[in-house]
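*Asks:* Following this message is one structure expressed as structure tokens.
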Amino acid sequence: MNTCPSCAAPLDSDGICTSCGSMSRGFFRGLDLGPPQVAAAVARGLDFYRLLELERSTDIHTIARRYRQLRAIFPDDPRRLAPEPARRLELLELAGRVLTDPTLRQTYDQLQQGADRATLGVVRCTACAAPFEAGADACIYCGTARPPEPHAPTTLPDAGPPATDPIDYYALLGLTAEHLHPQTPPAPQWGRIDPRMGRYDPQLYAPRSPTPAEIDVAAGKRQQAILTATNLQAEERDSRLREVELAQRILRDERYRSRYDAILQAFGRGQIDRNRLDGLHQLQEAVLAEYREDQGINPSADQLAGMLRQALGYLDAGMPRDALLLLRRAIAADPRSAEAQRAFVIALLASDDPLSLGSHVLQQALNGMEVARAGGLALDHADALAALCRGLIAREQQRIAEAEAHLQQATRLAAHIGVAWRALAAIALDRGANDAAIMYAQRAVAVDSADQRALLQIVAACLRSRKRDQAGEAAAQIAQLRGPEWDAERVLHEIAG
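If you're matching positions, the sequence shown starts at 18 in my numbering and goes up one per residue.
Structure follows, in structure tokens:
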């Protein structure tokens, strides 16, 4: 029977000490550490609790289980890892080894407390970088004499501990993500014949993603195992159940799963960085917010503020659709928030071509403008945008004269709103007023020369008017925007057939 490296008590079947919770050194590839190495890690600014996403008060058994969960993401043989994930694995093993050894963890916690109180004038050991206690003549960890002059701490690492780790939710539910690991199709064998075609069809055996039904069954089994476990405290049981719920929601929803799969594939290729990790964290937060909403749990003021900050970040990054997911939840929790309503309107109108938005969505934009104005945060050119929305609603409801009146008002109030000109061009095209359509669409192009929808309106109106040369000029502009593989004739053929 294997024994604990710290207290010599027996290890359980998972290699965790039945007494103190330490893990067998075999899990850490023989990693042998002592106080000097721990002190050096603290001096480099490494936060092991943050690395494992745990609180400082977490018990050692939970730490051990968390380490095993994260370690399972990496291959058993790390020699083929790219430099960045190899470094992350090294940090993970360092954190797991220290925090699952009671002696090393105590040393680490003491050093961390000292680091939290440290200033730029702190005196550190020249051998192990540990901070000297006030009045101490020698390092309490390695015995090195106190240096005569203070010096700066060891340089921080190139990149600190990650904000989160790419958890394999497929593995968490006991599933295999075959579609993320394409393999060579198997050779034709007896029994692998498509009965409909009468021949071997490798597509029948191509890797596929788990179906929603398979995900639900796997999640149900995991939940049952957690609920029937007798060695879990209530808090830990709830935490595990939430994690399974999170995995189930991400993998069942095509929007969430496609984003998650992209992150997981990038990690498998060694392309892991803070942007992708932040993307995973934001995905997790969005799904958790959805879960809380379904459970009738209102987010706290801090959570609302966080959702709003994140949504504004999405808007700044040109990702209005991602911002909408958060803003809808923020408004559901606090519909009178002028800041959230203002951002919601901006995201809504930028998420798609406003001419494609339905009356219900456009009415939401109008309501949001009113709340934002009442809260002292009116949008720029709010009156013009309101006229635009009213015009588009009237157009959808076939109240054409009213639609034109509102859209003309929008162009008078803010001539730079190109979509208003394009909406007028669409109405003109519908009634066969080709010259008016060309004029309106040209005004839209004057606002934005890359507006392909307006250019397409010009082409269509010119072709109807038999103005082939003018249609060719607009088609050439479209081809230039689309790339070198396009030319004017191809664009004309696409439109006119």
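By construction, the Cβ of each residue, glycine as well, lies at the ideal position given by its N, Cα and C atoms.
Under three-state DSSP, which class holds residue 349?
*Replies:* Here residue 349 sits in helix by DSSP.
*Asks:* Determine the closest residue to residue 233 out of 243, 249, 265, with distance taken between C-alpha atoms.
*Replies:* Nearest option by C-alpha distance: 265.
*Asks:* Would you give the residue range spanned by the alpha helix (DSSP H) that residue 238 belongs to?
*Replies:* Element bounds for residue 238: 229 to 245.
*Asks:* Would residue 377 be called buried (16 or more neighbouring beta carbons within 10 Å of its own) or exposed?
*Replies:* Flag for residue 377 reads exposed.
*Asks:* Please identify the residue among 444, 427, 482 whose C-alpha is closest to the C-alpha of residue 397.
*Replies:* Ranking the options by Cα distance to residue 397, first place goes to 427.
*Asks:* Quickly, what does DSSP pair residue 162 with across the bridge? List them, please.
*Replies:* Answer by DSSP bridge pairing, in chain order: 155.
*Asks:* Cα separation between residue 521 and residue 375?
*Replies:* This structure cannot speak to residue 521, because the chain is shown only from 18 to 514.
*Asks:* DSSP state of residue 65, grouped into three classes?
*Replies:* Of the three classes helix, strand and coil, the one that applies to residue 65 here is helix, per DSSP.
*Asks:* How far does the alpha helix (DSSP H) with residue 254 in it extend, from its first residue to its last?
*Replies:* Note, residue 254: alpha helix (DSSP H), 251 to 269.
*Asks:* Here's a check: name, in chain order, each residue in its chain whose Cβ is nearer than 7 Å to the Cβ of residue 274, leaving out the five neighbours to either side.
*Replies:* For residue 274, where only same-chain residues beyond five positions count, the Cβ hits under 7 Å are 267, 268.
*Asks:* How big is the Cα-Cα spacing for residue 347 and residue 67?
*Replies:* Between residue 347 and residue 67, the C-alpha separation is close to 27 Å.
*Asks:* Taking a contact to mean a Cβ-Cβ separation below 8 Å, would you say residue 109 touches residue 128 in this structure?
*Replies:* Taking 8 Å as the Cβ cut-off, residue 109 and residue 128 do not qualify as a contacting pair.
*Asks:* Report, in whole angstroms, the separation of the C-beta atoms of residue 355 and residue 394, which I expect to be a contact under 8 Å.
*Replies:* Yes, residue 355 and residue 394 are in contact; Cβ-Cβ is about 4 Å, under 8 Å.
*Asks:* Would you check if the region 229 to 248 and the region 256 to 264 touch, i.e. whether three or more CB-CB distances between them fall below 8 Å?
*Replies:* The answer is yes - the region 229 to 248 touches the region 256 to 264, with three or more Cβ pairs under 8 Å.
*Asks:* Excluding sequence positions up to five away, which residues of its chain have a Cβ less than 6 Å from the Cβ of residue 461?
*Replies:* 435, 438, 439, 468, 471, listed in sequence order.
*Asks:* Please list the terminal residues of the continuous alpha helix (DSSP H) segment that includes residue 497.
*Replies:* Where residue 497 is concerned, the enclosing alpha helix (DSSP H) stretches over 485 to 499.
*Asks:* Note down, in chain order, each residue of its chain lying with its Cβ closer than 6 Å to the Cβ of residue 509, except the 5 sequence neighbours on either side.
*Replies:* 492.
*Asks:* Just the C-alpha distance for residue 192 and residue 92, rounded to the nearest angstrom, thanks.
*Replies:* Computed Cα separation, rounded: 17 Å.
*Asks:* Would you report the Cα separation of residue 342 and residue 155, rounded to the nearest angstrom?
*Replies:* One C-alpha to the other measures close to 57 Å.
*Asks:* Could you check how far apart the C-beta atoms of residue 513 and residue 505 are, in whole angstroms? I think they sit under 8 Å.
*Replies:* Actually they do not touch by this definition, with Cβ atoms about 12 Å apart.
*Asks:* Taking 8 Å as the threshold (C-beta atoms), are residue 318 and residue 344 in contact?
*Replies:* It is not a contact, given that the beta carbons lie outside the stated cut-off.
*Asks:* Please list, in chain order, all residues of the same chain as residue 116 whose beta carbon is under 6 Å from its beta carbon, the five residues on each side excluded.
*Replies:* Excluding positions up to five away in sequence, the list reads 65, 80, 122.
*Asks:* So which of 455, 405, 300 has the shortest CA-CA distance to residue 433?
*Replies:* Measuring from the Cα of residue 433, the nearest candidate turns out to be 405.
*Asks:* Sort 84, 126, 271 by Cα distance to residue 74 and report the nearest one.
*Replies:* The residue with the shortest Cα to Cα distance from residue 74 is 126.
*Asks:* Report yes if the CB atom of residue 446 is closer than 8 Å to the CB atom of residue 478, and no otherwise.
*Replies:* A contact, by the Cβ cut-off of 8 Å.
*Asks:* Contact defined as beta carbons within less than 8 Å: I believe residue 316 pairs with residue 328. What is the distance between those atoms, to the nearest angstrom?
*Replies:* The Cβ separation is near 13 Å, so there is no contact.
*Asks:* Quick check: the Cα distance between residue 474 and residue 107, rounded to an integer number of angstroms?
*Replies:* The alpha-carbon atoms of residue 474 and residue 107 are separated by roughly 58 Å.
*Asks:* Inspect the beta-carbon positions of residue 11 and residue 332 and report whether they are closer than 8 Å.
*Replies:* Outside the modelled stretch of the chain, which goes from 18 to 514, sits residue 11, for which no answer is possible.
*Asks:* Which two residues bound the contiguous alpha helix (DSSP H) that contains residue 415?
*Replies:* Residue 415 -> no alpha helix (DSSP H), and no H or E assigned at all.
*Asks:* With H, G and I counted as helix, E and B as strand and the rest as coil, what does DSSP make of residue 248?
*Replies:* If DSSP states are grouped into helix, strand and coil, residue 248 belongs with coil.
*Asks:* Going straight from the alpha carbon of residue 42 to that of residue 321, what length do you get?
*Replies:* For residue 42, the predicted model reports a pLDDT of 46, less than 50, meaning its position is unreliable and no value from the coordinates is stated.
*Asks:* On the premise that residue 197 lies in contact with residue 281, defined as a C-beta separation below 8 Å, what is that separation, rounded to the nearest angstrom?
*Replies:* Right, the Cβ-Cβ distance comes to about 6 Å (below 8 Å), so this counts as a contact.
*Asks:* Go ahead and label residue 410 buried or exposed: buried means 16 or more other beta carbons lie within 10 angstroms of its beta carbon, across all protein chains shown.
*Replies:* With 16 or more other Cβ atoms within 10 Å, it is buried.
*Asks:* Would you mind sorting residue 250 into buried or exposed? The rule is 16 or more other CB atoms within 10 Å of its CB.
*Replies:* It is exposed - the Cβ of residue 250 has fewer than 16 other Cβ atoms within 10 Å.
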